[in-house]
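Numbering-wise, this note's numbering comes out as the position in the sequence shown, counting from 1, plus 98.
The C-beta atom is built at its ideal place from N, Cα and C for all residues, glycine as well.
Below: the structure, in structure tokens.
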Amino acid sequence: MKKQKWLLIIVGILFVINILFFVLVRLVKVDKAVQNKLENYLSQKLNAEITIEEFSFNDKQINIYGLSIVDQNGNFEIQVPQIYLDYKISDLFFSGFTRTKSVEKMFVYQPQLKFHYQSTGSSAEKFTFPDLNDYFKELTIFQGNLDLELDDPGFYLKKKI
């Protein structure tokens with residue numbers, strides 16, 4: 099009987115924690131504060147203008163609607179109507195919010211990417227896309243579009259893609 103009582107107490111405590119988390123996130127507008135912090139962080143890291151129309155999260159998932167990233171140098175522009183991230187909150191907290199694979203799955207719906215690359219003519223110049231393996235375990239993109247504009251006289255395609 100005592101074991102059942104302890105089990106009920108533990109379940110009750112977990113239930114209260116979940117209710118408090120929900121109330122804190124929804125009533126205190128933590129979503130908006132996290133959205134603003136994310137926009138500022140990404141703006142600094144990417145040297146771009148970041149806007150997010152709607153942002154919400156819970157203990158397992160982040161939902162982003164209307165993400166827009168416009169590079170200040172005019173090199174790229176990204177428009178994404180919907181992004182869903184499944185993550186482990188424990189991995190995120192215990193890593194100190196560093197580049198770990200706390201994001202289990204990332205679903206990106208209908209991204210529109212415009213990328214403009216202009217060569218300076220230097221043979222030592224080389225562009226490489228950043229390695230994203232440190233950030234998430236699985237990325238799925240649905241119905242995306244890439245508009246690639248290359249201004250490089252030495253670049254050509256042998257086959258049409």
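Start and end residues, beta strand (DSSP E) containing residue i
{"i": "residue 245", "result": "243 to 249"}
{"i": "residue 159", "result": "159 to 169"}
Member of the options whose CA lies at the smallest distance from the CA of residue i
{"i": "residue 244", "options": "231, 234 and 211", "result": "211"}
{"i": "residue 151", "options": "129, 159 and 158", "result": "129"}
{"i": "residue 119", "options": "208, 214, 209 and 187", "result": "187"}
{"i": "residue 164", "options": "233, 115 and 133", "result": "133"}
{"i": "residue 159", "options": "185, 135, 139 and 137", "result": "185"}
{"i": "residue 246", "options": "111, 231 and 213", "result": "213"}
{"i": "residue 248", "options": "174, 161 and 140", "result": "174"}
{"i": "residue 230", "options": "131, 149, 138 and 203", "result": "203"}
{"i": "residue 235", "options": "200, 242 and 215", "result": "200"}
{"i": "residue 166", "options": "136, 156, 189 and 232", "result": "136"}
Beta-bridge pairing of residue i - partner residues as DSSP gives them
{"i": "residue 212", "result": "175 and 245"}
{"i": "residue 237", "result": "204"}
{"i": "residue 119", "result": "Per DSSP, none; premise fails for residue 119."}
{"i": "residue 185", "result": "201"}
{"i": "residue 155", "result": "160"}
Nearest-angstrom beta carbon gap, residue j and residue i [assumed within contact, 8 Å]
{"i": "residue 182", "j": "residue 153", "result": "Going by Cβ atoms, the distance from residue 182 to residue 153 rounds to 12 Å, so no, they are not a contact pair."}
{"i": "residue 207", "j": "residue 177", "result": "Not confirmed; about 11 Å, so no contact."}
{"i": "residue 209", "j": "residue 239", "result": "6 Å"}
Cβ-heavy atom distance, residue i to the ligand SAM, below 7 Å
{"i": "residue 129", "result": "The ligand SAM is not part of this structure, which contains no ligands at all."}
For residue i, the first and last residue of its enclosing alpha helix (DSSP H)
{"i": "residue 127", "result": "Here residue 127 belongs to no alpha helix (DSSP H), and DSSP marks it neither H nor E."}
Are three or more beta carbon pairs between the stretch 140 to 149 and the stretch 157 to 176 nearer than 8 Å? yes
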